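Beneath this line is the structure, given in structure tokens, with notes to follow.
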Ligand SMILES: [Zn+2]
């Protein structure tokens, strides 16, 4: 165990802990430190269990606690505690921090000086853009620094980045009420759940579904959902959470309302036109079976809304027989 140590922060990323330990021990960088103690820094970043055990032992902290806040890379996914995350649900090209959380760390551990502030794992999650503790927008300390490659390991040497970006962190301080989705994701990563429908989805799918449904709710069915800037992502996540956390009936009501809006514009939609990008997303980009509960609700609403003939398809599956429908719409495929 090292003589000069730092306490492990709640929810601290292992790379952050390693970076602070390196700084505390006067090493030039986290990579240099790891080389000196025969640990591979990239494995710490990737949450490899052996590397984390070695690091925990050196730093004199609980290995289980250190692992609990790691983003452990598996084949093509990531695991955070009991939650699974997709590559797309993790932030890559930026490193967000909360100015007040860092200030609290510095105040709490004055004797550590620059080795006190630490990076929380939850700040690495794409849909989390606000600190739920302080209601402050998270500040990117990496995006503006073109000298630090977003792919390089230097971006994980967080203690040094925080030192280098001190001015930008203070200037970026801006209040904003956190969204219910941000609260939900933060709580789930801390092992707490609210007992709503979203709990049945893996965390990455719950968050992404909220963003997609919310963006369609705000901007209509033609909104391009594949790329979102942070402003849209924040508002879409909040709106989508209000819809999906209410359960399948709430989602169904949203689809029925969306459907009515589309009728007024076109008068004669097909299934894809009726639900726009939401349908396209569920049909193609989100082929992942975890989204099946959403597809089932949408399929039921489509069957009730359109005069679909046997053989026509929804999500690639043919309709077995003509269904009773409300008579609001006639599918384009049925026109003679
Ligand atoms: Zn904060």
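Numbering (our numbering), first residue to last: 1 to 336.
From the three backbone atoms N, C-alpha and C, an ideal C-beta is built for every residue, glycine too.
Source: prediction; values computed, not measured.
- Message: Any heavy atom of ligand 1 closer than 6 Å to the beta-carbon of residue 183?
- Response: no
- residue 261 versus residue 239 - alpha carbon distance: With a pLDDT of 48 at residue 261, under the threshold of 50, the predicted position of this residue should be treated as unreliable, and no value is reported.
- Item | Residues with C-beta closer than 6 Å to any heavy atom of ligand 1, in chain order | 98, 100, 101, 131, 133, 134 and 136
- Item | At least three beta-carbon pairs within less than 8 Å, the region 83–99 to the region 119–131 | yes
- Item | Per-residue burial, residue 108 [other beta carbons within 10 Å of its own, 16 or more giving buried] | exposed
- Message: Does residue 27 come out as helix, strand or coil in the three-state DSSP assignment?
- Response: coil
- residue 176: which of 204, 216 and 134 sits nearest, CA to CA? 134
- For residue 38 versus residue 157, is the C-beta distance shorter than 7 Å? no
- Relative to the alpha-carbon of residue 90, which residue among 124, 42 and 74 has its alpha-carbon at the smallest distance? 124
- Query: Does the Cβ-Cβ distance between residue 25 and residue 51 come in under 7 Å?
  - Reply: no
- Message: Taking the alpha helix (DSSP H) that residue 79 belongs to, which residues open and close that run?
- Response: No alpha helix (DSSP H) holds residue 79; the beta strand (DSSP E) holding it covers 77–80.
- How big is the Cα-Cα spacing for residue 140 and residue 275? 35 Å
- Item | residue 10 (DSSP reduced to helix, strand or coil) | coil
- Task: Return the CA-CA distance between residue 182 and residue 129, expressed in angstroms with no decimal places.
- Result: 8 Å
- Item | C-beta contact flag for residue 19 and residue 159 at 7 Å | yes
- Contact the region 76–93 vs the region 196–207: 3+ CB pairs below 8 Å: yes
- Message: Quick check on residue 139: does DSSP put it in helix, strand or coil?
- Response: strand
- Label residue 186 either buried or exposed according to how many other C-beta atoms from any shown protein chain fall within 10 Å of its C-beta, with 16 as the threshold for buried. buried
- Task: Identify, in the order they occur along the chain, each residue of the same chain with its Cβ nearer than 6 Å to the Cβ of residue 79, setting aside the five sequence neighbours on each side.
- Result: 72
- Could you check what DSSP says for residue 130 in three-state terms: helix, strand or coil? strand
- Query: So which of 306, 114 and 248 has the shortest CA-CA distance to residue 295?
  - Reply: 248
- Based on Cα-Cα distance, which residue from 34, 17, 103 and 104 lies nearest to residue 62? 17
- Query: What span of residues does the beta strand (DSSP E) with residue 83 cover, start to end?
  - Reply: 83–86
- Nearest to residue 231 (by Cα), restricted to the options 35, 68, 137 and 192: 137
- Item | Beta-bridge partners of residue 97, as assigned by DSSP | 139
- Task: Mind listing, in chain order, the continuous alpha helix (DSSP H) runs of no fewer than 4 residues lying wholly within the region 224–266?
- Result: 230–244 and 248–266
- Buried or exposed for residue 167, please, with buried defined as at least 16 other CB atoms from any protein chain shown within 10 angstroms of its CB. exposed
- Task: Just tell me which of 223, 250 and 43 has its CA closest to the CA of residue 196.
- Result: 250
- Give the range of the alpha helix (DSSP H) segment to which residue 51 is assigned. 49–59
- Query: From residue 171 to residue 102, what does the alpha carbon distance come to, in whole angstroms?
  - Reply: 14 Å
- Item | Supposed close pair residue 272, residue 280 - CB separation, criterion 8 Å | 6 Å
- Message: Rounding to the nearest angstrom, what Cα-Cα distance links residue 113 and residue 223 in this structure?
- Response: 47 Å
- Query: Using a Cβ-Cβ cut-off of 7 Å (strictly less than) and excluding sequence neighbours within five positions of residue 43, which residues of its own chain qualify?
  - Reply: 51
- Message: Given this structure, state the Cα-to-Cα distance separating residue 191 from residue 244, to the nearest angstrom.
- Response: 20 Å
- Quick one: is the Cβ of residue 180 within less than 6 Å of any heavy atom of ligand 3? For the structure depicted, ligand 3 is absent and the ligand set comprises only ligand 1.
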